[in-house]
Amino acid sequence: MAMSPALATSHAPARWQDYLQLLKPRVMSLVVFTGLTGLICAGRPINPFLGAVAILCIAVGAGASGALNMWYDADIDAKMRRTRGRPVPAGRVQGADALALGVVLSMFSVMLMGMAVNWLAAGLLTFTILFYAVVYTVWLKRSTAQNIVIGGLAGALPPVIGWAAAAGTTPLNAWLLCAIIFMWTPPHFWALSLYTSEDYAKAGVPMMPVVAGAASTRKQILIYSLLFVPLCLVPAFTGLGGIAYLAVSGLGGLVFLLLAWRLFRSRAGESGGQRNDDGLYDVRAGAKDARNLFAFSILYLTLLFATLLVEHVAHLPALELIR
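Shown next as structure tokens:
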């Protein structure tokens with residue numbers, strides 16, 4: 001990994017907030033939420049303490065992956081306006097410390113999951129950490145425009161881990177939750193990359209708009225959206241989701257497709273723009289459409305999993321919640 005000058009210019013002592021930032025808490029919160037949904041949707045009684053341990057392990061494993069990612073990506077993070085303030089490229093945390101934190105937390109989360117819950121969940125957690133830290137971060141991110149598509153598997157696995165923690169098995173419905181997140185990832189991140197493409201180009205990261213161009217990226221976002229939205233309806237027909245879920249997935253899916261169509265018809269990602277207040281790259285036309293889809297994609301996925309969570313909690317016998 002090449003060392004950027006930006007990595008060695010700061011001598012400010014690290015604060016606890018810097019180490020927390022290494023764990024990517026915003027990403028961790030989504031991982032915890034989807035993992036908890038998988039655990040509850042399994043419909044199996046689980047000791048509340050062991051359930052909390054399982055979610056803790058998922059959270060710590062996600063944080064460990066984030067720390068390893070920030071250690072390895074410090075050189076390219078230093079070149080991008082959006083990420084150059086992260087602890088390692090800013091010089092507030094040494095790369096070796098970020099690496100050590102990631103390794104220690106990885107081992108802790110996996111061993112605790114295995115010993116306290118079950119080894120199937122621990123094995124899935126191990127695979128997820130390695131896939132994100134090695135397959136995605138080290139290999140895919142810098143080598144192919146399909147980095148987000150393939151690498152999205154790491155972010156899609158937490159509900160399967162949660163399900164395995166509760167039930168000791170991973171049935172079709174668990175993998176259906178995984179598939180929904182997996183198919184959500186490309187339109188979500190490619191919408192973001194349309195208005196941050198200059199940063200990725202400067203850092204040499206082959207994101208889709210950089211490699212294939214904005215028009216091709218918008219087309220692929222629409223194609224993935226047309227596959228993703230019908231997939232979101234499937235849980236309502238497998239017994240995983242109920243009437244409320246069907247309504248949320250259906251109505252939300254229509255909005256998702258409308259925003260994807262508007263983005264496809266826009267000029268988002270085309271050259272000739274200017275920076276906005278956040279320092280990100282806006283284009284003269286279409287940037288708002290990309291931002292709208294990116295923001296709604298987060299809301300839509302959250303609503304889908306929140307609805308499943310509420311439906312399954314409502315149908316759990318009170319005894320099962322306290323056993």
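First residue of the sequence shown? That's 1 in the UniProt record's numbering, and the numbers climb one at a time after it.
Ideal Cβ placement from N, Cα and C applies to all residues, glycine included.
Bounding residues of the alpha helix (DSSP H) (the contiguous stretch that carries residue i)
{"i": "L176", "result": "172-194"}
{"i": "I150", "result": "147-156"}
{"i": "E270", "result": "Per DSSP, E270 belongs to no alpha helix (DSSP H) and is neither H nor E."}
{"i": "T34", "result": "25-41"}
{"i": "I221", "result": "214-233"}
{"i": "V53", "result": "48-72"}
{"i": "Y200", "result": "197-203"}
Close Cβ partners of residue i (< 6 Å) along its chain, the five nearest in sequence each way excluded
{"i": "R187", "result": "The sequence given here places Pro at residue 187; Arg does not occur at that position. Taken in chain order, the residues that qualify are I221, Y224, S225."}
{"i": "L99", "result": "W71"}
{"i": "D97", "result": "none"}
{"i": "D278", "result": "Unreliable placement is indicated for D278, whose pLDDT of 49 sits below 50; the coordinate value is still reported in the next sentence. For D278, where only same-chain residues beyond five positions count, there are no Cβ hits under 6 Å."}
Proximity to residue i [Cα-Cα], best of the options
{"i": "R267", "options": "L254, R291, G252", "result": "R291"}
{"i": "L68", "options": "G38, M115, Y19", "result": "Y19"}
{"i": "G91", "options": "P235, P13, L257, L251", "result": "P13"}
{"i": "A126", "options": "G241, Y245, P158, L192", "result": "It should be pointed out that residue 126 corresponds to Thr in this sequence rather than to Ala. Comparing Cα-Cα distances from T126 to each of G241, Y245, P158, L192, the minimum goes to P158."}
{"i": "Y195", "options": "T217, L176, G35", "result": "T217"}
{"i": "G213", "options": "A191, V234, L233", "result": "A191"}
{"i": "L308", "options": "S29, F33, A203", "result": "F33"}
{"i": "L258", "options": "G241, L240, D289", "result": "D289"}
{"i": "N47", "options": "V117, S106, H315", "result": "V117"}
{"i": "Y300", "options": "V310, L36, G253, A314", "result": "G253"}
{"i": "L153", "options": "Y136, D199, V60, R142", "result": "Y136"}
{"i": "L101", "options": "A295, L22, L293", "result": "L22"}
{"i": "V138", "options": "A74, N173, L293, I181", "result": "A74"}
{"i": "L251", "options": "L304, P209, V60", "result": "L304"}
{"i": "A156", "options": "I180, T169, A247", "result": "I180"}
{"i": "P206", "options": "F237, V93, A174, S143", "result": "S143"}
Simplified DSSP state of residue i, which is helix, strand or coil
{"i": "P209", "result": "helix"}
{"i": "A285", "result": "Because the pLDDT at A285 is just 49, under 50, the model does not fix this residue reliably, and the value given afterwards should be weighed accordingly. Looking at A285 - three-state DSSP - the assignment turns out to be coil, as it is neither helix nor strand."}
{"i": "L240", "result": "coil"}
{"i": "N292", "result": "helix"}
{"i": "K141", "result": "helix"}
{"i": "D97", "result": "helix"}
{"i": "M80", "result": "coil"}
{"i": "R104", "result": "The sequence as given places Val at residue 104; Arg does not occur at that position. Three-state DSSP puts V104 in a helix."}
{"i": "T307", "result": "helix"}
{"i": "P159", "result": "helix"}
{"i": "T169", "result": "coil"}
Contacting residues, own chain, Cβ-Cβ under 8 Å from residue i (five flanking each side not counted)
{"i": "L140", "result": "Q146, N147, I150, G151"}
{"i": "S297", "result": "W184, P187, H188, A191, F256"}
Own chain partners of residue i with C-beta closer than 7 Å, once the 5 adjacent residues on each side are dropped
{"i": "residue 326", "result": "The shown model of the chain, from 1 to 323, leaves out residue 326, and the question about it has no answer."}
{"i": "V313", "result": "I40"}
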